[in-house]
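Numbered per mature numbering (1 follows the signal peptide of the UniProt record, and there is no 0), the sequence shown spans residues -23 to -1, 1 to 155.
The C-beta atom is built at its ideal place from N, Cα and C for all residues, glycine as well.
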Amino acid sequence: MRAIALTACLLCPGLFVAIPAGAASPESPAAPAAPAIQHMNGIDYVSGGIGVDQVAVMRSIAGRFNVHMQFVNEADGSSLSDVTVTLFDARREIVLLVLSEGPLLFLRLPPGDYRALVRSAGAIECRTVRVRPDGTGPALLLRLPGDSLVAPARTGNPRQAMRRAQGGGTDGCYRGGA
């Protein structure tokens, strides 16, 4: 049997060198592609970061964006996805509504003041987002409730929170605090 295999190798020497160097083999996984950049109302954004490889890819493109949000579980610090972010401009109009596809959300916003209404597991937080005239913006680490048995989720009424974010409430969403 070895003689037949050896003869086949000698008769077809190019058979085993036809694969170019560096070609992917079943054992070598392909590098993850960067998530697609999305566009809404003149705002570019990208979301992802599930897994070590995708986090590395997201970090490699972070410089293209001026606002960086990271979502973590307040109970154990683990990464969260499926976080809803509603972004309001200074006129209190919605300019972006996105459901995160991972724990990282990067935005490219024009200079100005914004409010981000962030929802996860029934909890709602409101944050100030200020992009300076030179284009620099904040990096926000948002600790939110997640689907965890360790800490029960806080609840809130989404309609009331939306009214507060648009200036109809007194919870401070448009007063000072971040």
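Who are the Cβ neighbours of Arg85 in its own chain at under 8 Å, not counting the five residues just before and after it? Setting aside the 5 residues that flank it on each side, Arg85 is surrounded in the same chain by Ile20, Asp21, Tyr22, Arg41, Phe42, Asn43, Val44, each with a C-beta closer than 8 Å to its C-beta; the list follows chain order.
Got a sec? Which residues, its chain only, sit under 7 Å from Pro88 by beta carbon, not counting five neighbours each side? Only Val108, Arg109, Pro110, Gly112 meet the Cβ criterion.
Just mark Gly114 as buried or exposed, buried being the case when its beta carbon has 16 or more other beta carbons within 10 Å. Per the 10 Å Cβ criterion, buried.
Keeping to the same chain, check which residues put their C-beta closer than 6 Å to that of Pro9; ignore five residues upstream and five downstream. Answer for Pro9: Asp30, Gln31, Val34, listed in chain order.
Using CA atoms only, rank isn't needed, just tell me which of Ala11, Asp53, Ala13, Met17 is closest to Val72. Of the candidates Ala11, Asp53, Ala13, Met17, Met17 places its Cα closest to the Cα of Val72.
Quick one, which of Ala93, Leu57, Val49 has its alpha-carbon nearest residue 160's? The requested residue 160 does not occur in the structure, where the chain is confined to residues -23 to 155.
According to DSSP, simplified to helix, strand and coil, what is Arg41? Shown here, Arg41 sits in a helix according to DSSP, grouped into three states.
Between the Cα of Leu64 and those of Ser58, Ala13, Cys103, spot the shortest distance and give me the residue it belongs to. The shortest Cα separation from Leu64 among Ser58, Ala13, Cys103 belongs to Cys103.
For a quick check, are the C-beta atoms of Ser97 and Pro80 less than 7 Å apart? Contact flag unset, no.
Please determine, among Leu82, Gly54, Ile101, the residue with the shortest C-alpha to C-alpha distance to Gln47. Answer by Cα proximity: Leu82.
For the beta strand (DSSP E) containing Arg104, name the first residue and the last one. Looking at the DSSP string, the run of the beta strand (DSSP E) that includes Arg104 is 100 to 108.
Find the nearest neighbour of Gly99 within the set Pro12, Asp53, Leu121, Leu76, judged by alpha-carbon distance. For the set Pro12, Asp53, Leu121, Leu76, the Cα lying nearest the Cα of Gly99 is the one of Leu121.
Can you round the beta-carbon distance between Val95 and Leu119 to whole angstroms, since I take them to be within the 8 Å contact cut? Their Cβ separation, rounded to whole angstroms, is 6 Å, which keeps Val95 and Leu119 in contact under 8 Å.
Is it right to say Ser55 is buried, meaning 16 or more other beta carbons lie within 10 angstroms of its own, or is it exposed? Exposed, by the Cβ-count rule.
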